[in-house]
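Structure, rendered in C-alpha cells:
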C-alpha cells in the first residue's frame, strides 16, 4: 500500500512539473468516466449531484487501497504478487494518460515515473520487511548462531519502520507539491492575469430588490459563483491559458475564422443574466443556478463566418475532446446566446470553462454549454452525433417548464395553521407566467411571483396555506408565458429532461 502511495505521490509531482493532465490517478479516473455505462453515470449524477467526481475519486482510492493491502498480505513470502499489482496499476496509469484526447509525449513522463517509483518502493519495503520478520536473518549466519547487534546499531525492525515512514512522508510531500505546482502553473495563474474584463455594450441592469423571496426560504436570485452547480465529464479540469487559446469556426461556412483570446475580448460584448439547468436535474432537484454572463454574441460570430444553407447544428468541441451539438437557430434567433468570457463580474472560473465557454439560454447544458471550447463546426444533425447523443440522449433539448418547493422541506414538521410555502420555477426563454400550489389534492392556489427579471432566468414564488394538524402532501406546478402548464406525468431525465410535479410531505402540529 505504501508503494502505491509513493507511486501516486511521485506521479502527481511529475505531472505538476510536466503536464498537469497526465496525473496517473486522475487519468485512470477520466477513462473510467468515458467507459462507464450511461445508466451508471445517470445514477451517480442523480444520487451525488455536484459531488459525483469526489465520490468517484474516493471510490477509486478505496479500491486501490484494498487491492494494495491484499497484495501486501500475499507478498509476505515472495514479492511477485505485490510487484504484479504495482505494475498493473502503473500500466493502467500509462494507458489512461495515453488515451487522453489531448495526448502528447510529455503525458507519459508522470505515469512512467510513478510506475518506476512504485516498483522501486515495493522492492525496498519488501526487502526490509523480510529482514525484520521473526526468524529471518539479516546477517550471514549460515555457519553459526546470530551475534547480538552492537549497541547503537539500527536493527531490521527499526530500518523497516524508518523506510516505511520515509516512503509515506515522501508520498505525501510529493503529491502535495505536485498539486501546488499544477495550480501555480496552470489556468488559474492565467485567469488571475486577465484582470478586469471590458464593459459590455450598453449599461447592464441591476436586478430589482424583489427578484427573490430569500427571506422566505428561496435561493437568492443571483447564484454566487462558488455555489454555481457543476456537472461535466471532466474529472481533471482542463488547463488552458489565454496565451495558448484559439477558437476555430469552420465547416459549412463561407469564411473559416480563427480567433485568439485577445481578439474575442476586444469585440463588442454582451452581458445578460441566464439560468442554466442540467438535464440530469430530477424533479425538485438543485442542478440549476443563475448567473450574469459576459461574452461575445454568437449571432455576430456566425454572421461573420457566413452560415451556409442547410447547416442546422453547431458541433462544438472542448479542449478535452468533449462535444456538444447546438441548434443554429437557437444561436441566431435574437436570444442572448454567447461565448462567455466572464461570470458574475469576473473572468470565468477554471472549473466553469475558463477561458471561454458557450452559454445558450433555454437549452439544457448538454446540448449547449460546451466548456473550454476550442472549435465550432457548422454541420447538420444527420452528419454528426455529439458525445451525449451517442449515448442515447436527445439531439435537441429545450429546457422544460419546472417548479420546485424549497420550503418547507420534505418530511418537515411545521406549526399547524398558516404555513409559508415558497420555491422556484423556471421556463427559460419562455418565462414563468403562473405558479400554483395545492395541499392534499385539493384546489390549486395561485402563488405570488417575485419580479420578472428576464424570460431567461428562474422566478421565485411564495404563498400561504392553512394546514390542520396531521400529515399533508404539497404539490406545485408552473405555467410558462405561452400558457402551457407543466405536465403531471412523471418521466425520467433521460433522454431530454424530467417531467412531473414536485411533491413533498410535511407534518403539521
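Residue numbers (this note's numbering): 1 to 509.
All C-beta atoms, glycine included, are put in the ideal place defined by N, C-alpha and C.
Counting C-beta atoms within 10 angstroms of its own C-beta, residue 360 has 16 or more neighbours from the protein chains shown and is therefore classed as buried. Residue 210 sits close to residue 451, with the two beta carbons spaced by under 8 Å. Excluding residues up to 5 positions away in sequence, 421, 437, 445, 447 and 448 lie with their Cβ nearer than 7 Å to the Cβ of residue 463 in the same chain. DSSP places residue 60 inside the alpha helix (DSSP H), whose first and last residues are 52-74. The C-alpha of residue 340 is placed about 27 Å away from the C-alpha of residue 391. For residue 418, the enclosing beta strand (DSSP E) covers residues 417-426. Bounds of any beta strand (DSSP E) do not take in residue 31; it lies within the alpha helix (DSSP H) bounded by 24-35. Per the C-alpha coordinates, the member of 442, 60 and 48 positioned closest to residue 31 is 60.
Partner residues in the beta bridge of residue 461, as assigned by DSSP, are 423 and 449. Sixteen is the threshold: since fewer than 16 other Cβ atoms of the shown chains lie within 10 Å of the Cβ of residue 69, the residue is exposed. Residue 403 is a Cβ neighbour of residue 502, given a cutoff of 8 Å.
Here residue 493 is buried: its Cβ has 16 or more other Cβ atoms, across all protein chains shown, within 10 Å. Short of 6 Å from the beta carbon of residue 194, and not among the five residues preceding or following it, lie these beta carbons of its own chain, in chain order: 347. Note on geometry: alpha-carbon atoms of residue 187 and residue 352 lie some 12 Å from one another.
Of the candidates 63, 426, 478 and 93, 426 places its Cα closest to the Cα of residue 455. In this structure, DSSP gives residue 293 an extended state, which the three-state scheme calls strand. For residue 94, the uninterrupted alpha helix (DSSP H) segment begins and ends at 80-98. In the DSSP assignment, residue 260 is bridged to 246. Remark: C-beta atoms of residue 57 and residue 93 do not approach each other more closely than 8 Å. Counted as a single uninterrupted DSSP element, the beta strand (DSSP E) harbouring residue 439 occupies residues 432-439.
Scanning its chain for C-beta atoms nearer than 7 Å, with the 5 sequence neighbours on each side dropped, one finds around residue 477 the residues 403, 436, 485, 486 and 501, in chain order. With fewer than 16 other CB atoms across the displayed protein chains lying within 10 angstroms of its CB, residue 43 is exposed. Residue 429 carries a coil assignment under DSSP once its states are collapsed to helix, strand and coil. Counting along the chain, no beta strand (DSSP E) covers residue 254, and no H or E run does either. If you check the CB distance, residue 415 and residue 509 come in under 8 Å. In this structure, the straight-line span from the alpha carbon of residue 344 to that of residue 118 is close to 45 Å. About 4 Å separates the CB atoms of residue 364 and residue 279; that is less than 8 Å, so the two are in contact. Residue 313 places its beta carbon 8 Å or farther from that of residue 321.
One thing to note: residue 97 has its Cβ no nearer than 8 Å to the Cβ of residue 283.
In the displayed model, residue 302 falls within a helix according to three-state DSSP. Considering only 383, 458 and 469, the residue with the shortest C-alpha distance to residue 287 is 458. The closest CA to that of residue 305, considering only 37, 328, 323 and 86, is found on 328. Taking a 10 Å sphere around the C-beta of residue 490, we find fewer than 16 other C-beta atoms and assign the residue as exposed. Straight-line spacing of the CA atoms in residue 90 and residue 223 works out to 42 Å. Under the DSSP assignment, residue 194 falls in the alpha helix (DSSP H) whose first and last residues are 187-194.
Residue 207 places its beta carbon less than 8 Å from that of residue 453.
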